[in-house]
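K.L.:
The structure under discussion is supplied below as structure tokens; questions concerning it will follow.
2 protein chains.
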Amino acid sequence: MKVIRSTPARFGRTDKTRMRKQAAELLDRLRRLGGGADGSVTRPVYTPAWNAAMTELERWFRALGLEVWVNAVGSRFGRLRGRNPQVILAGSHVDSVRQGGAYDGTLGVVMAACAVGWLAERCGQPTLTLEVLANCEEESSRFPGNFWGTRALLGAISPGEADRLVDEHGTTIGQAMRECGLDPDRIPEAARSDLVAFVEPHIEQGPVLEAAGASIGIVDRVVGVRQLHVSFVGETGHAGTVPVTRRRDALIGAAELVLAARQLAVQAGTPAVVTVGRLLVSPGGANQIPGVASLSLDLRHTDVEVLERMEGDLRDKAGAIATHHSLVVTTERRLDQPPIECHPTIRRLLEDTATELGHAWTRMPSGAGHDAQLIATRCPSGLLFVPSKNGWSHRPEEETELAHIVAGIEVLAGTLYNLAYNSAWLAA
Amino acid sequence: MKVIRSTPARFGRTDKTRMRKQAAELLDRLRRLGGGADGSVTRPVYTPAWNAAMTELERWFRALGLEVWVNAVGSRFGRLRGRNPQVILAGSHVDSVRQGGAYDGTLGVVMAACAVGWLAERCGQPTLTLEVLANCEEESSRFPGNFWGTRALLGAISPGEADRLVDEHGTTIGQAMRECGLDPDRIPEAARSDLVAFVEPHIEQGPVLEAAGASIGIVDRVVGVRQLHVSFVGETGHAGTVPVTRRRDALIGAAELVLAARQLAVQAGTPAVVTVGRLLVSPGGANQIPGVASLSLDLRHTDVEVLERMEGDLRDKAGAIATHHSLVVTTERRLDQPPIECHPTIRRLLEDTATELGHAWTRMPSGAGHDAQLIATRCPSGLLFVPSKNGWSHRPEEETELAHIVAGIEVLAGTLYNLAYNSAWLAA
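Here the protein sequences line up with chains Z and A, keeping their order.
Sequential numbering from 1 applies to the first sequence in my numbering.
Sequential numbering from 429 applies to the second sequence in my numbering.
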């Protein structure tokens, strides 16, 4: 598929000032919905804060001249109808993790709305239909939903799932939907067959763009993720009465694996990362030798073969450690997300537009999962990153400078212009 | 003080058979009081199970011809009155940890009662008074009591403490006492000024005697214990988006300290032990870089200078690790129990008696804390260990072979004979 490019719409000084103001104001309004005194945002799906944010977005989509509609799972869409019903979708998710920040997900919705609103005003009706997506759920912070909003779009929610997924209070996601006036029996109606492209603007959530001095990151691949649960079993005992050399201390095995995992990632080099985020010791008393120590291993790489090799190396290492310390080890794979390649047409459009507009950009992998990686299985999809201050995300201090946000909106608007106002790329 | 020894009373075949039967029967009755289906015993102080065990012991003390009395905190005593009111005390505690075994504490009471009962029958009235102690509390498993029963004996419970110590349900130890018919206002009356010696029989709780093929362990010193709380603070972040070399992962620091602590104990050699029993990671998600990792360090040694050096080395090591990984470390001392020397007179009496009776015994330190270490500050005290099968303690599988138990009773009876029937050692 060849990229056909028309001149992207460039922002003038007035546009930039307006975008700055518009984006800042909406971010500020949204951060109050689910906002804490420490600047944090807690907005799990189907909660009052989430409802309020969705209502705020509906109001704003209308003010931008977009048609608002709601799908069966409560995702909101702001539509700029084209001459053709095929849809170019842009946006991200509205839910947040607990004690998260104001930018993850939300900023992508804001940027997409600013871009589509600007195109509506400046360029009139497009050839293909443009839609802003305010996705209902991505973070799995209330329900173990695993891309609930996106799976609804793809028709990939299985029958009965609404009654099975429960939050920490035992509320099913179906009940939570009903409390928001949504009917879980209608979930299948959320499935789309009219999508032809998706572009997701999002904060980077890491320190790479800031370190590179770039305003824009254009994602070539989303890393594959494997999560393992490793459990070492030794023998507990009294901290005072069992000589050190006679112990089968499970935590010794776990500590060695934590260090081996880091070493493996350093040796493998970028973009390999390995993280032990969870480590539980049992029985857990200060004067008790650990009988069981279990830990999570999160492995990421853009290349599935490297991922496979890393997993094998870590399993071998865990086995060798266990043998050396007379422990029993069990290793269980809990997650296996394959790496995803962003669509070359969308990626090249984003890159060429960023270059033409004169913004500093860099091509990079995404180390985090995003809605785009699932939607990419249905239609050409791309991911555009803007910098995260200090690389911070999922915390109250999340921030992206307005200059970067406006640059991102301009690149997004140019890219959507090329996708929606000139449909020749579709036939190419 | 010179040890003056009279011939100890030796057990005949009939005595051994009777002791075996008596000890086995009482252990079996007591293990049902607070016993679980898995063989575990859960008998925290001032619970119905504890009350029932104390009632059972009272009945049995009476059957052995001992006078029963109860002190203000509910400890039970079985007295064999001598011509002299000064008291030789022997016994241990009746409370257990949760999901513990049938031997820790309890066996010491059983052994002391068997020994004193046998002396009463065979040797008549002693010169000094003999008392069996069924101490109310040692394990701190319900209240953070820190040797509640023994501190009552020593007059070391501070005013108001009964209203301050609470269990996990918010019940104060004073309320719990009242529910057992005890008056917390009378706690000071439990203080003793008539004790002249204490011998505590106890399970070893470790694998040393079993490995040495000995029936008896005679404790020379109780280790000193220091507990530190170490906290590494780095920076949390997304497991996918922060390159490994740019992280400040708190768990890396904690894992290095866990391994360094073990190495330090191995290098220091017996009786040094260091244990990391507790390790907590925050925020704790599988896809979150640990921002905080805190751990407990439990250090034990019989020599306070070595203990001091070990603590210093570990603090230095924690600092060096923190510097190397750009973490902040804080180290706080949570416990400092000095080592205690068992009284040489009691120790030599135990050793000489064991030798004369032909039992395989070994001199050893105690790595666990015991009532004897506090009572030793008041009067000459000694500790006699019998083997723990597989070194197990604080678990349902706790067990000591009856042959070892009978050997222990015989050594204890001989030692108490030397202490109580011939008071010359007191004047020596």
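Ideal placement from N, C-alpha and C gives every residue a C-beta, glycine not left out.
In chain order, what residues of the same chain have a beta carbon less than 7 Å from the beta carbon of residue 264/Z, not counting five sequence neighbours either side?
P.N.:
Closer than 7 Å at the Cβ level, and outside the excluded window around residue 264/Z, lie 274, 310, 313, 314.
K.L.:
Would you call residue 194/Z buried or exposed, if buried means 16 or more other Cβ atoms sit within 10 Å of its Cβ?
P.N.:
exposed
K.L.:
Taking DSSP as the reference, what is the three-state secondary structure of residue 409/Z?
P.N.:
helix
K.L.:
Starting from residue 270/Z, find everything on chain A with Cβ-Cβ shorter than 7 Å and list it in chain order.
P.N.:
671
K.L.:
Pick out whichever of 721/A, 610/A, 516/A has its Cα sitting closest to the Cα of residue 758/A.
P.N.:
721/A
K.L.:
Residues of chain A with CB under 8 Å from residue 238/Z, in chain order?
P.N.:
633, 634, 795, 796, 821, 822
K.L.:
Output, in chain order, the set of chain A residues within a Cβ distance shorter than 7 Å of residue 289/Z.
P.N.:
Against residue 289/Z, the close residues of chain A are 703, 705, in the order they occur along the chain (beta-carbon pairs closer than 7 Å).
K.L.:
Which partner residues does residue 197/Z have in the DSSP bridge list?
P.N.:
According to DSSP, which records beta bridges pairwise, residue 197/Z is partnered with 88/Z.
K.L.:
Does the region 662-672 of chain A come close enough to the region 566-585 of chain A to have 3 or more Cβ pairs within less than 8 Å?
P.N.:
no
K.L.:
Please name the residue in 181/Z, 33/Z, 364/Z whose C-alpha comes closest to that of residue 102/Z.
P.N.:
33/Z
K.L.:
Please confirm if residue 227/Z has its CB atom under 8 Å from at least one CB of chain A.
P.N.:
Yes, residue 227/Z lies at the interface with chain A (some Cβ there is under 8 Å from its Cβ).
K.L.:
Pull up the DSSP beta-bridge partners for residue 851/A, would you.
P.N.:
Looking at the DSSP assignment, residue 851/A forms no beta bridge with any residue, so it has no partner.
K.L.:
Spatial neighbours of residue 143/Z within its chain, please: C-beta separation below 8 Å, excluding the five flanking residues on both sides.
P.N.:
45, 137, 165, 166, 167, 173, 176
K.L.:
What are the start and end residues of the alpha helix (DSSP H) that includes residue 324/Z?
P.N.:
304-324
K.L.:
At the 8 Å Cβ level, is residue 420/A part of the contact set with chain Z, yes or no?
P.N.:
Residue 420/A is absent from the structure shown; chain A starts at 429 and stops at 856.
K.L.:
Report the neighbours of residue 298/Z on chain A: residues whose CB is nearer than 7 Å to its CB, in chain order.
P.N.:
667, 714, 715
K.L.:
Which same chain residues, not among the five before or five after residue 432/A, have their C-beta less than 7 Å away from its C-beta?
P.N.:
Caution applies to residue 432/A, whose pLDDT of 43 falls short of 50 and renders its modelled position unreliable; the value that the coordinates give is listed next. The residues are 850, 852, 853, 856.
K.L.:
State the CB to CB distance for the pair residue 76/Z and residue 57/Z, rounded to an integer number of angstroms; the pair is presumed to be in contact (CB under 8 Å).
P.N.:
6 Å
K.L.:
Closest Cβ-Cβ distance between residue 262/Z and chain A: below 8 Å?
P.N.:
yes
K.L.:
If we count the other Cβ atoms within 10 Å of its Cβ and call it buried at 16 or more, is residue 267/Z buried or exposed?
P.N.:
Classified as exposed, residue 267/Z has fewer than 16 neighbouring CB atoms from the shown chains inside 10 Å of its CB.
K.L.:
Counting pairs of Cβ atoms below 8 Å between the region 216-232 of chain Z and the region 359-374 of chain Z, do you hit three or more?
P.N.:
Under the Cβ criterion (8 Å, minimum of three pairs), the region 216-232 of chain Z counts as touching the region 359-374 of chain Z.
K.L.:
At 3 residues or longer, and completely inside the region 682-740 of chain A: list those beta strand (DSSP E) runs for me, N to C.
P.N.:
701-703, 707-710, 720-729
K.L.:
Contact check, residue 481/A vs residue 580/A under 8 Å by CB: the rounded distance?
P.N.:
The pair is not a contact, with the Cβ atoms about 18 Å apart (cut-off 8 Å).
K.L.:
Of all the CB atoms in chain A, is at least one closer than 8 Å to the CB of residue 214/Z?
P.N.:
no
K.L.:
Give the straight-line distance between the Cα atoms of residue 350/Z and residue 93/Z, rounded to the nearest whole angstrom.
P.N.:
21 Å
K.L.:
With C-beta atoms as the reference, is residue 790/A less than 8 Å away from residue 682/A?
P.N.:
No, these two residues do not count as a Cβ contact at 8 Å.
K.L.:
The alpha helix (DSSP H) that contains residue 15/Z, what's its start and end?
P.N.:
13-31
K.L.:
In chain A, which residues lie with their C-beta within 7 Å of the C-beta of residue 251/Z?
P.N.:
At a beta-carbon threshold of 7 Å, the residues of chain A lying near residue 251/Z are 686, 704, 707, ordered along the chain.
K.L.:
Is the beta carbon of residue 201/Z closer than 8 Å to that of residue 390/Z?
P.N.:
no
K.L.:
Quick check on residue 815/A: buried or exposed, where buried means 16 or more other Cβ atoms within 10 Å of its Cβ?
P.N.:
Burial call: buried.
K.L.:
So with Cβ pairs under 8 Å, would you call residue 102/Z a contact of chain A?
P.N.:
no
K.L.:
Which term fits residue 105/Z, buried or exposed, when burial requires 16 or more other beta carbons within 10 angstroms of its beta carbon?
P.N.:
Buried is the call here.
K.L.:
Does the beta carbon of residue 230/Z sit closer than 8 Å to a beta carbon anywhere in chain A?
P.N.:
It does not; no Cβ of chain A falls within 8 Å.
K.L.:
Which value, in whole angstroms, describes the spacing of the CA atoms of residue 731/A and residue 792/A?
P.N.:
14 Å
K.L.:
Counting only runs of 3+ residues fully inside the region 119-182 of chain Z, write out the beta strand (DSSP E) ranges in chain order.
P.N.:
128-135
K.L.:
Under a three-way DSSP split, which group does residue 42/Z fall into?
P.N.:
Look at residue 42/Z here: in three-state DSSP terms it is coil, with no helix or strand label.
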